[in-house]
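What follows is a single structure, written as structure tokens, with notes after it.
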Amino acid sequence: MIIISCPIKQDFVIETVEAIDTFQYKYEGKNGINLSFSVNTEDIEDAIKVAKAAIKSTEVGAVLYFQVKAA
Amino acid sequence: MKSFTNWMEQHFVPVAAKIGSQKHLVAIRDAFIAIMPVTMAGAVATLLNVFFRDLPNEWWGLENSFVSSDIVSGIIGVNGNVWWGTLAIISLVFIFALGYYIAKAYKAPALAGGVIAVAAFIAVTPQAITVVSEAGEEIGAWGHINYTYLNSSGLFTALIVGLLASIVYSKLINANITIKLPDSVPPAVSKAFTAIIPGLISIYLCAIIAYLINLGTGKAIGDLILEYIQQPFLSLSQGFGAVIIVIIAVQLFWFFGIHGTNVLAPVLDGVYLTATNSNNAAYTAGTAVSELPYLWTRGSFDAYVWMGGAGCTIALIIAIFIFSKKDDARAIAKLSAPMGAFNINEPVMFGMPIVLNPIYFIPWMIVPVILTIIAYAATAMGVVPPVFTPVPWVMPPIIYAFLATGGSIAAAILALINLVIAVVIWGAFVLIGNKVELEEADAE
């Protein structure tokens with residue numbers, strides 16, 4: 062499980078992360094600014110890197126202030 | 504708060520995203536980031552010479568035995584060489600990086616983009632210098648470049664010429680106005696040939712513009728850009744209002760979840776970093792710290808205001824340790840403190856959280872403004888010297904101010920005073936946070 066803390070554009074973040082091909086991320090719910098995702102890999106550090114890179118590679122994601130961490 | 508966030512999402516984020524992804528602005532930002540190793544090497548050389556030459560000369564007088572010793576004079580000489588190869592030619596380094604990134608953004612061969620931008624820059628740079636003989640006679644000498652065209656004074660020229668040269672080159676590449684070689688030719692040779700016509704046109708274009716401007720005005724393009732664009736622009740950035748606007752904008756961006764320094768990088772790096780480098784060049788040329796041209800530079804923000812990260816969050820961490828009765832806040836502060844000491848504040852920003860947290864909005868906005876007012880006034884009154892040495896942003900607070908001002912104890916003390924003030928203000932809101940917690944517990 063990973064948590065993405067992002068105060069705005071949360072729908073966009075969910076959509077972007079769930080569209081990643083490398084691993085399968087599934088949106089599990091949100092608590093305030095924190096969005097929880099389950100991911101089908103044991104390597105959580107790698108899952109964090111991939112999710113972060115996917116968000117940052119988009120036009121909107123490049124200017125968002127967010128944090129990705131293990132749950 | 505929610506309706507405002509929705510408004511931000513619909514109206515502001517798309518604009519910020521456009522600015523943040525604008526390829527020319529991204530290339531400028533990336534070019535400034537790319538030259539950081541060179542800038543830092545120059546900064547280290549400047550700092551070492553402050554401690555090995557300038558301060559000893561100030562304390563013990565000129566030609567003292569410490570500075571004159573073989574070892575120390577050798578160290579000073581090596582530092583001089585490093586400065587000469589870095590900050591003295593920073594515009595040359597910058598234009599290569601800019602040409603590279605612009606070409607990359609246009610999907611043209613990037614290395615050739617950098618090389619062509621450098622050639623175009625030198626093509627617009629005066630080829631002769633005037634020296635004054637001991638008898639006071641002015642002698643013109645052809646075949647020399649005055650390094651002041653290549654140091655921070657030339658940064659805006661490098662920016663403008665670099666953009667022009669590399670955009671023209673890249674567009675011609677994309678329009679296929681190139682020499683095409685058979686597939687059997689090795690890629691490195693093929694790429695070099697591809698760049699010949701676009702590079703030739705691009706360099707010629709810059710050279711013709713520089714020639715015509717020189718013909719019409721009698722001045723070099725670099726002198727005109729310095730006089731009519733760079734200096735007015737930098738002067739504008741030095742006003743108190745301009746500094747406060749930048750501070751408020753960055754704080755607002757961060758609070759609402761937008762990467763403030765990323766969006767404003769062209770201003771912070773293009774303008775205020777240029778001011779840092781200009782101060783450095785002036786200092787190295789022998790200008791007294793009290794006479795440095797720019798009062799507020801890129802490092803001033805980090806030295807006195809954004810200690811521990813934007814919002815002076817190291818002060819919040821300290822305030823939590825002193826005042827907070829909430830176990831979760833203390834745990835977050837404990838986790839955030841080691842990174843906060845190196846100005847990384849994501850753990851505390853998202854852990855508390857501060858972003859979109861109405862309790863912390865007021866200190867988040869007013870702490871940096873108050874710290875800026877104090878630091879700006881102290882610098883303007885000459886209590887502390889302006890920041891003139893680039894320092895890595897991960898340098899811990901207080902030490903940052905000390906190093907960025909060439910070893911000024913007064914600057915370190917000012918940073919400490921600002922930190923104490925920030926702790927007091929943040930502390931008041933941590934106490935409010937305690938109260939809110941207690942009231943919530945009572946209600947339950």
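Listed in order, the protein sequences are those of chains A and B. Residue 62 is where the first sequence starts when you use the numbering used here, and the numbers rise one by one after that. Residue 504 is where the second sequence starts when you use the numbering used here, and the numbers rise one by one after that. For every residue, glycine included, the Cβ atom is placed at its ideal position computed from N, Cα and C.
- Excluding the 5 residues flanking it on each side, MET855/B has same chain C-beta neighbours closer than 8 angstroms at LEU819, ALA832, ILE835 and TYR863, in chain order.
- Note: PHE98/A is bridge-paired with ILE63/A and TYR88/A in the DSSP secondary-structure output.
- Counting the other Cβ atoms within 10 Å of the Cβ of MET852/B gives 16 or more, which makes it buried.
- The three-state reading of DSSP puts GLY643/B in strand, counting E and B together.
- In terms of CA proximity to TYR714/B, ALA623/B leads the group ALA613/B, ALA623/B, VAL570/B and ASN848/B.
- Legend: CB atoms of the segment 832-848 of chain B lying less than 9 angstroms from CB atoms of chain A are not found in any residue.
- A Cβ of chain B is located within less than 8 angstroms of the beta carbon of GLU120/A.
- In the structure shown, GLN741/B adopts coil according to DSSP, grouped into three states.
- For LYS70/A, the nearest CB of chain B lies under 8 angstroms from its own CB, placing it at the interface with that chain.
- THR549/B: member of the alpha helix (DSSP H) spanning 539-552, first to last residue.
- THR119, GLU120, VAL121, GLY122 and ALA123: these are the residues of the segment 97-123 of chain A whose beta carbon lies less than 9 angstroms from some beta carbon of chain B, given in chain order.
- As a beta-bridge residue in DSSP terms, THR633/B pairs with GLY643/B.
- Contacts with chain A (Cβ-Cβ distance below 7 angstroms) from the segment 566-590 of chain B involve no residue at all.
- Within the same chain, LEU771, ASP772, TYR775, LEU776, ALA778, THR779, VAL890 and PRO893 come within 8 angstroms of ARG801/B by CB-CB distance, once the 5 residues on both sides are set aside.
- Contact between THR633/B and GLY643/B holds, with the beta-carbon distance rounding to 5 angstroms and staying under 8 angstroms.
- For ASP533/B, same chain residues with a beta-carbon under 7 angstroms away, outside a window of 5 residues either side, are TYR604 in chain order.
- Following the DSSP letters along the chain, one finds VAL766/B inside the alpha helix (DSSP H) bounded by residues 763-766.
- Proximity of chain A to SER524/B at the Cβ level (cut-off 9 angstroms) is accounted for by THR119, GLU120, VAL121, ALA123 and VAL124, in chain order.
- For the segment 75-86 of chain A, no residue has a beta-carbon sitting nearer than 9 angstroms to a beta-carbon of chain B.
- Annotation for SER693/B: LEU684 place their beta carbon closer than 8 angstroms to its own, counting only its chain and skipping 5 residues before and after.
- Residue pairing by DSSP puts LEU125/A in a beta bridge opposite ILE761/B.
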